Amino acid sequence: MSIRLPRGTQDILPGQVEKWQLIEQKARELCHKFQYQEIRTPIFEHTDLFLRSVGDTTDIVQKEMYTFEDRGGRSLTLRPEGTASTVRSFVEHKMFGQANQPVKLYYMGPMFRYERPQAGRFRQFVQFGVEAIGSDDPAIDAEVIALAMTLYKEMGLKKLKLVINSLGDKESRAKHREALIAHFSPSINEFCSDCQSRLEKNPMRILDCKKDREHPLMKTAPSIINHLNDESKQYFKKVQQYLTDLEIEFEVDANLVRGLDYYTHTAFEIMSDAEGFGAITTLCGGGRYNGLTEEVGGPEAPGIGFALSIERFLAALEAENVELPIDQSIDCYIVSLGEEARDYSVGLLHKLRHAGYSAERDYSDRKIKAQFKAADRMNAKYVAVIGEDELKNNKINLKIMDSGEQKEMELASFIQDFTALYRN
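In my numbering, each residue carries its 1-based index in the sequence shown increased by 97.
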């Protein structure tokens with residue numbers, strides 16, 4: 098019986114992986130410009146980290162985490178998201194004591210959630226995310242959103258929609274919580290079991306329910322916007338002002354509720370408006386999480402961040418018919434004829450690569466015609482031909498594939514002559 102990859106995972110093959118690399122490269126370049134530094138955390142953490150930070154009423158904790166016991170009986174979980182691990186590291190390594198605040202970090206790597214696989218949604222997926230920890234300035238909220246929007250736009254996406262909301266501070270959320278309980282309680286038995294269990298623990302999560310989204314009470318639910326205190330209103334107003342200053346278009350959606358418990362104040366999602374993109378339009382989500390560092394045992398250090406799926410990024414590019422500039426050509430292919438020439442080509446190939454060129458040779462002892470076909474398949478810019486006669490005369494023939502022009506060069510100075518030709 099053949100062994101196949103697990104459901105909800107994928108192999109990213111040559112031809113596709115170059116697109117991933119291009120997005121990753123652009124993300125790293127942008128983070129450098131915005132002064133975010135990379136952090137790499139373990140793929141698994143103590144389960145308690147996610148229980149305390151993500152929230153025990155969330156779908157992630159209740160249904161989606163890959164949790165197991167190690168040989169020492171410790172409960173560990175494959176990371177379902179990147180913020181909790183980043184904040185844990187921030188606290189554990191006392192980054193709050195660094196001179197430069199906020200501490201601005203980014204991560205890129207696989208996350209794991211057990212959910213029903215569908216288009217653009219996998220059980221192992223790759224996230225790129227940023228976190229700015231140590232400032233409650235609304236300008237950093239705008240900066241984080243701007244970084245995400247810039248990445249999408251510079252990669253060629255145009256049909257984007259930014260939606261923002263305020264979830265308020267603790268005081269605002271407490272008032273909103275009471276209003277939600279009063280609103281949903283009389284008819285809570287009409288809702289799914291998840292919503293029923295959330296009513297007392299975290300009623301705001303009811304607004305994020307996928308099963309009961311069409312229930313009439315959802316449309317008339319109390320808005321968090323109407324329960325914001327003056328401080329929260331002013332904060333949200335500032336975020337909107339800064340986004341306007343940055344010429345970033347946005348919509349305010351009072352029903353936007355992020356799926357994790359740690360969010361406060363600013364919450365946002367970036368969606369694709371591309372036709373045919375699919376039912377799940379969210380590309381990126383994030384928000385502010387004041388209080389999370391205290392939750393994992395650290396001092397007060399307000400933070401904000403976002404995470405986006407590379408898989409969904411690629412799906413949006415495809416929906417908008419954006420062709421990424423992937424260069425799959427090589428600089429030079431060596432065609433060799435005869436045993437001595439084949440032996441000599443091994444060292445010549447190494448010299449080309451050592452000089453900084455992408456180069457390849459035949460390893461199957463094929464005829465000259467088949468070797469040229471291989472060069473064509475690899476989109477070789479130049480083909481160097483060497484045979485027994487060329488070796489005896491210290492010569493090599495170079496064909497410029499675009500024009501068909503051929504040049505004879507001295508074998509001893511081939512690398513230098515090739516370099517001069519290549520640069521011109």
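All residues carry an ideal CB built from backbone N, CA and C; glycine is no exception. As the structure is a prediction and not an experimental result, all values here were calculated from the model.
Item checked: Neighbourhood of lysine 335 by C-beta distance below 7 Å, restricted to the same chain and skipping five residues each side -> Position 238 of the sequence shown, counting from 1, holds the residue named residue 335. Setting aside the 5 residues that flank it on each side, lysine 335 is surrounded in the same chain by Pro235, each with a C-beta closer than 7 Å to its C-beta; the list follows chain order.
Out of curiosity, what's the CA-to-CA distance linking cysteine 289 and phenylalanine 281? On the sequence shown, position 192 is the one that residue 289 refers to. On the sequence shown, position 184 is the one that residue 281 refers to. Distance between the alpha carbons of cysteine 289 and phenylalanine 281 is about 12 Å.
Tell me which residues share the same chain as threonine 183 and place their Cβ nearer than 7 Å to its Cβ, disregarding the 5 neighbours each side in the sequence. Within the sequence shown, numbered from 1, the residue matching residue 183 stands at position 86. Excluding residues within five positions, the ones whose Cβ falls inside 7 Å are Ile136, Thr138, Leu202, Tyr204 and Glu228.
- Message: My assumption, with CB atoms under 8 Å, is that threonine 345 sits in contact with alanine 243. Please give the rounded CB distance.
- Response: Position 248 of the sequence shown, counted from the first residue, corresponds to residue 345. Position 146 of the sequence shown, counted from the first residue, corresponds to residue 243. It should be pointed out that residue 345 corresponds to isoleucine in this sequence rather than to threonine. With a Cβ gap of about 6 Å, isoleucine 345 and alanine 243 count as contacting.
Touching or not, the segment 103 to 122 and the segment 417 to 424, by the rule of three or more beta carbon pairs under 8 Å?
-> yes
Could you give the DSSP three-state label for asparagine 490: helix, strand or coil? In the sequence shown, counting from the first residue as 1, residue 490 sits at position 393. Three-state result, asparagine 490: coil.
request  = Could you tell me which of Ala438, His312 and Val393 sits nearest to histidine 190, measuring between CA atoms?
outcome  = Here residue 190 corresponds to residue number 93 of the sequence shown, with the count starting at 1. Nearest C-alpha to histidine 190: Val393.
Where alanine 196 and leucine 380 are concerned, what is the direct C-alpha to C-alpha distance, given to the nearest angstrom?
As a working mapping, residue 196 is identified with position 99 in the sequence shown. As a working mapping, residue 380 is identified with position 283 in the sequence shown. Between alanine 196 and leucine 380, the C-alpha separation is close to 34 Å.
- Query: Does the distance from the C-beta atom of proline 142 to that of arginine 185 stay below 8 Å?
  - Reply: By one-based count along the sequence shown, residue 142 stands at place 45. By one-based count along the sequence shown, residue 185 stands at place 88. Checking the sequence shown, residue 142 turns out to be glutamate, not proline. The answer is yes: Cβ separation under 8 Å.
For alanine 279, count neighbouring Cβ atoms within 10 angstroms of its own Cβ and tell me buried if that reaches 16, exposed if not.
-> On the sequence shown, position 182 is the one that residue 279 refers to. Alanine 279 should be labelled exposed.
- Query: Are glycine 382 and phenylalanine 403 closer than 8 Å when you measure CB to CB?
  - Reply: Position 285 of the sequence shown, counting from 1, holds the residue named residue 382. Position 306 of the sequence shown, counting from 1, holds the residue named residue 403. Yes, they are a contact pair.
Residue closest to aspartate 462, alpha-carbon to alpha-carbon, out of Phe347, Ala472, Ala481 and Ser433
Locating residue 462 in the sequence shown gives position 365, where the first residue counts as 1. Among Phe347, Ala472, Ala481 and Ser433, the Cα nearest to that of aspartate 462 belongs to Ser433.
Neighbourhood of phenylalanine 469 by C-beta, 8 Å cutoff - its chain only, sequence neighbours within 5 removed: Working through the sequence shown from its first residue, we reach residue 469 at position 372. Around phenylalanine 469: Val432 and Val480.
### Query
On the three-pair Cβ rule with 8 Å, is the segment 263 to 275 touching the segment 362 to 373?
yes
Measuring straight from C-alpha to C-alpha, what distance separates histidine 273 and aspartate 305? Taking the first residue of the sequence shown as position 1, residue 273 is located at position 176. Taking the first residue of the sequence shown as position 1, residue 305 is located at position 208. Using only the alpha carbons, I get a separation of about 15 Å.
Original post:
Would threonine 106 pass as a contact of phenylalanine 225 if the rule is Cβ separation under 8 Å?
Top reply: Mapped onto the sequence shown, residue 106 falls at position 9. Mapped onto the sequence shown, residue 225 falls at position 128. No. Outside cutoff.
(Q) As a quick exercise: from Arg409, Ala456 and Asn476, pick the residue whose alpha carbon is nearest that of phenylalanine 222. (A) Taking the first residue of the sequence shown as position 1, residue 222 is located at position 125. Here the closest residue by C-alpha is Arg409.
request  = Using alpha carbons as the reference points, say which of Asp342, Gly400 and Asp514 lies closest to aspartate 238.
outcome  = Stepping through the sequence shown from its first residue, residue 238 is reached at position 141. Minimum Cα distance to aspartate 238 is reached at Gly400.
Practice item. Within 10 angstroms of the Cβ of methionine 368, are there 16 or more other Cβ atoms? Answer buried if so, exposed if not. Key: Counting from one through the sequence shown, the residue named residue 368 turns up at place 271. Buried, because 16 or more other Cβ atoms sit within 10 Å of the Cβ of methionine 368.
What separation, rounded to the nearest whole angstrom, lies between the Cα atoms of arginine 520 and alanine 416?
For the purposes of this step, residue 520 is taken as the residue at position 423 of the sequence shown. For the purposes of this step, residue 416 is taken as the residue at position 319 of the sequence shown. Answer to the nearest angstrom: the Cα atoms are 37 Å apart.
Does asparagine 262 come out as helix, strand or coil in the three-state DSSP assignment? For this step, residue 262 is matched to residue 165 along the sequence shown. If DSSP states are grouped into helix, strand and coil, asparagine 262 belongs with the strands.
Subject >> lysine 256 versus arginine 310 - alpha carbon distance >> reply: Against the sequence shown, residue 256 aligns to sequence position 159. Against the sequence shown, residue 310 aligns to sequence position 213. The straight-line gap from Cα to Cα measures roughly 25 Å.
Close Cβ partners of leucine 353 (< 8 Å) along its chain, the five nearest in sequence each way excluded: Along the sequence shown, one-based indexing puts residue 353 at 256. Excluding the 5 residues flanking it on each side, leucine 353 has same chain C-beta neighbours closer than 8 Å at Val260, Ile261, Asn262, Ala364, Phe365 and Glu366, in chain order.
Kindly indicate which residue of Ile230, Lys478 and Met506 has the alpha-carbon position closest to the one of threonine 180. Counting from 1 along the sequence shown, the entry for residue 180 is found at position 83. Cα-wise, what sits closest to threonine 180 is Ile230.
Notebook entry, point to check: From the DSSP output, which residues share a beta bridge with cysteine 306?
Noted result: Sequence index remark: in the sequence shown, residue 306 carries index 209 (1-based). Beta-bridge pairing links cysteine 306 to no other residue.
For this session: From the DSSP output, in three-state form, read off valine 349 for me.
Result: One-based indexing of the sequence shown puts residue 349 at position 252. Strand.
Of the residues Gln331, Ile483 and Leu102, which one's Cα is nearest the Cα of valine 443? As a position in the sequence shown, residue 443 is number 346, starting the count at 1. Among Gln331, Ile483 and Leu102, the Cα nearest to that of valine 443 is on Ile483.
May I ask you to list the residues that DSSP assigns as paired with threonine 174?
Start at 1 with the first residue of the sequence shown, and residue 174 comes out as number 77. The partner list for threonine 174 (beta bridge, DSSP) reads Glu142 and Thr164.
Within 10 Å of its beta-carbon, does threonine 390 have 16 or more other beta-carbons around it, so buried, or fewer, so exposed? Taking the first residue of the sequence shown as position 1, residue 390 is located at position 293. Label assigned to threonine 390: buried.
- Query: Roughly how many whole angstroms lie between the Cα atoms of glycine 253 and alanine 276?
  - Reply: The residue labelled residue 253 in the question sits at position 156 within the sequence shown. The residue labelled residue 276 in the question sits at position 179 within the sequence shown. One C-alpha to the other measures close to 43 Å.
*Taking the Cβ atom as the reference point for each residue, do asparagine 491 and leucine 518 lie within a distance shorter than 8 Å?*
Walking along the sequence shown from the start, residue 491 turns up at place 394. Walking along the sequence shown from the start, residue 518 turns up at place 421. It is not a contact, given that the beta carbons lie outside the stated cut-off.
task: Find the nearest neighbour of glutamate 212 within the set Tyr163, Ser510 and Leu411, judged by alpha-carbon distance.
output: If you number the sequence shown from 1, residue 212 lands on position 115. Checking every option, the nearest Cα to that of glutamate 212 belongs to Tyr163.
- [ ] Indicate the three-state DSSP secondary structure (helix, strand or coil) for leucine 257 in the structure shown.
- [x] For the purposes of this step, residue 257 is identified with residue 160 of the sequence shown, where counting begins at 1. Strand, per DSSP.
Exercise for the section: In the DSSP assignment, find the beta strand (DSSP E) that holds isoleucine 401 and state where it starts and stops. Expected result: Your numbering for residue 401 matches position 304 in the sequence shown. Unbroken beta strand (DSSP E) run through isoleucine 401: 400 to 406.
Considering only the beta carbon of each residue, do isoleucine 140 and proline 214 sit closer than 8 Å? Translated into the one-based positions of the sequence shown, residue 140 becomes position 43. Translated into the one-based positions of the sequence shown, residue 214 becomes position 117. For isoleucine 140 and proline 214, no; Cβs fall outside 8 Å.
query = If you draw a straight line from the alpha carbon of lysine 504 to that of isoleucine 109, how long is it in whole angstroms?
reply = Locating residue 504 in the sequence shown gives position 407, where the first residue counts as 1. Locating residue 109 in the sequence shown gives position 12, where the first residue counts as 1. Straight-line Cα distance between these residues: approximately 40 Å.
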